[in-house]
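Accompanying notes for the structure given below.
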């Protein structure tokens, strides 16, 4: 016999029944909260996908800006100055 905190004896099958009911209640709560959990996980996946897309867009933007600046600086460096005033004067 198992004794409760009050000291009264309880049959072991009753304790096992209470434990099964307790586990069933926990399982029921998990099943009820499963749609919320799935939606939360999908939201995390979408957030991660958006973050990856933004990272790719930033990388492409930086590459495009570097390419454009390289194009302009290389075309400017190959250009011959027309007059002495086109060149920078050393100070």
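Residue numbers (our numbering): -6 to 84. The beta-carbon is built from N, C-alpha and C at its ideal position, and this holds for glycine as well.
Item: Where does residue 83 fall in DSSP's three states?; Value: coil
Item: Roughly how many angstroms lie between the CA atoms of residue 32 and residue 18, to the nearest whole one?; Value: 22 Å
Item: In whole angstroms, what separates the C-alpha of residue 9 from that of residue 23?; Value: 21 Å
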